[in-house]
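Accompanying notes for the structure given below.
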Amino acid sequence: MNQCAVLKQRLKVLFTITVIVAFFRQPLYAQEKKDTCSNYSAIKRAITFNALLQMRYTASLTHNVDVSGKNFDPAVSKGVINTFSLRRARLMVKAAVNDRFSTNFMLNFAEFCGNTANKVVENAFIKYSANKHFNIQAGQFRPFFGIEDLIPAELIRTLDYSNQYTAFAASGWQGFQLGVSVFGNITGDDTKFVKYYAGIYNGNNRNQPSDNDNTKNIYGRLETSMSENFKMGVNAASGSFGAGTGFAWGGDVTGKINLGADKKWELFLTAEGKTGTNFNLYNAATSIKPQLNDCKMWGVYFFPLLRYNYNHPRLRALEFSSRYEYLNENAKLGDNPYQTITPNISFLFADDMYAALQVGTNIELFKHNVPLTNSYSQSLMYLQLQLRF
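The sequence shown begins at 57 in the working numbering and counts up by one.
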């Protein structure tokens, strides 16, 4: 049995065990308090609306490189080196039918600015919450495979998600997918906890009429907290994306350090590393198809953030960060990894990033520059304004 088959079998066992354990824990907690309600049809019924507007101004700081990061020949074409753009215009609707059943819809109207095929609809799922130990959701959502899947876009605190996240999403490991997942807290302690996440999904990305093969992606994640301000997680997955079976795995840590008794200064640390099959690379090959096992990618990033809680009525906080990332999207067949450095300053005009202005530079350094492509070292300046409500 090959490595992928073994990993897939182990993930199936992990998925089955977590569902069984969580299911049989449910009656124990349900019996702690005797039911007195005779009809739960509309108890705690509610509906909430949320929105996010995220606008950018970007300008290339590298000669003959446009705002998308592509090198161009000025004698042939004139690249766009500065632009205003609408990154996200999201509307989210959360509706609770009762205390256990709820649904979530999220649309990104900014997708109408370009090709809307297989876009616009992001979240569309139904969720059943028995208790904090057992939750199940079905529909279109982001599988819990890595720390960035647990972070809403408005709380990224830098320019955008990492290049690692984008690459793994392009191969069906992350991003919005259609399937079923279960998750919950294995332990009863909310401070020092062990959480589980497991699921199965199509793996051919969002807004598709059906799967593109008969193999489903299976993933599992365990997350533990050693203390209130430190947690770590590990992930593993098996699946396909129009080709043979592949796998992916990774780990991450997050921490928070209070600097000073008055908590004016806080240091947040995030680090993550992943490796996996690059289905996108395999499917893009048109002339000579490589072996799927040779289509590997891996990457790591480190994201320190220093926050000053100014607590002024009009300026709540300042955040200083610089994310460093290393990514190799063709680790076996190619030899052109690149590094990304993103220094950023955020001005928070309202608590919890409800109103924020971000200023920074995105610097990409390739081992080898490939003319007239996006594989070209360059830097980009950006101003990003976001409001959510």
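All residues carry an ideal CB built from backbone N, CA and C; glycine is no exception.
Bear in mind the structure is a predicted one, so any value in this text is a computation, not a measurement.
Which residue marks the beginning of the beta strand (DSSP E) containing residue i, and which one marks its end?
| i | result |
| --- | --- |
| glutamine 434 | 434 to 444 |
| arginine 143 | 138 to 152 |
| glutamine 193 | 190 to 197 |
| leucine 234 | 233 to 241 |
| threonine 159 | 157 to 164 |
Put residue i into one of helix, strand or coil per three-state DSSP.
| i | result |
| --- | --- |
| threonine 222 | helix |
| isoleucine 212 | coil |
| methionine 409 | helix |
| asparagine 384 | strand |
| leucine 117 | coil |
| leucine 374 | strand |
| aspartate 246 | coil |
| lysine 89 | Reliability of the predicted coordinates at lysine 89 is poor, the pLDDT of 48 falling under 50, and no value is obtained from them. |
| isoleucine 99 | coil |
| aspartate 205 | helix |
| leucine 200 | Residue identity differs from the one stated: residue 200 is phenylalanine in this sequence, not leucine. The answer is coil: DSSP assigns phenylalanine 200 none of H, G, I, E or B. |
| phenylalanine 168 | helix |
| alanine 186 | strand |
| asparagine 430 | coil |
On the criterion of 16 or more Cβ atoms from any shown chain inside 10 Å, does residue i qualify as buried, or is it exposed?
| i | result |
| --- | --- |
| cysteine 169 | exposed |
| valine 426 | exposed |
| valine 415 | exposed |
| glycine 244 | exposed |
| methionine 282 | exposed |
| phenylalanine 297 | buried |
| histidine 189 | buried |
| tryptophan 354 | buried |
| proline 199 | buried |
| tyrosine 338 | buried |
| serine 97 | exposed |
| alanine 341 | exposed |
Sorted by chain position, which residues of the same chain lie with C-beta nearer than 7 Å to residue i's C-beta, five sequence neighbours on each side aside?
| i | result |
| --- | --- |
| tryptophan 229 | Phe201, Ala293, Ala304 and Gly332 |
| isoleucine 137 | Ala115, Ser116, Asp122 and Val123 |
| leucine 142 | Met111, Ala166 and Cys169 |
| glutamate 284 | Thr247 |
Span of the alpha helix (DSSP H) holding residue i?
| i | result |
| --- | --- |
| tyrosine 338 | 335 to 340 |
Is there a Cβ of chain C sitting closer than 7 Å to that of residue i, yes or no?
| i | result |
| --- | --- |
| alanine 98 | Among the chains of the structure shown, chain C does not appear; only one protein chain is present. |
Within the same chain, show all residues whose beta-carbon is closer than 6 Å to that of residue i, passing over the 5 residues directly before and after it, in chain order.
| i | result |
| --- | --- |
| tyrosine 3 | No answer is possible for residue 3: the residues shown for the chain start at 57 and end at 445. |
| arginine 444 | Leu108, Glu210 and Tyr410 |
| leucine 206 | none |
Can you tell me whether residue i sits near the ligand NAP, meaning its C-beta is under 6 Å from at least one heavy atom of the ligand?
| i | result |
| --- | --- |
| alanine 293 | For the structure depicted, the ligand NAP is absent and the ligand set is empty, with no information on it obtainable. |
Can you give, in chain order, each stretch of the alpha helix (DSSP H) that sits fully within the segment 275 to 360 and has at least 4 residues?
Uninterrupted alpha helix (DSSP H) stretches at least 4 residues long and entirely within the segment 275 to 360 occur at 335 to 340, given in chain order.
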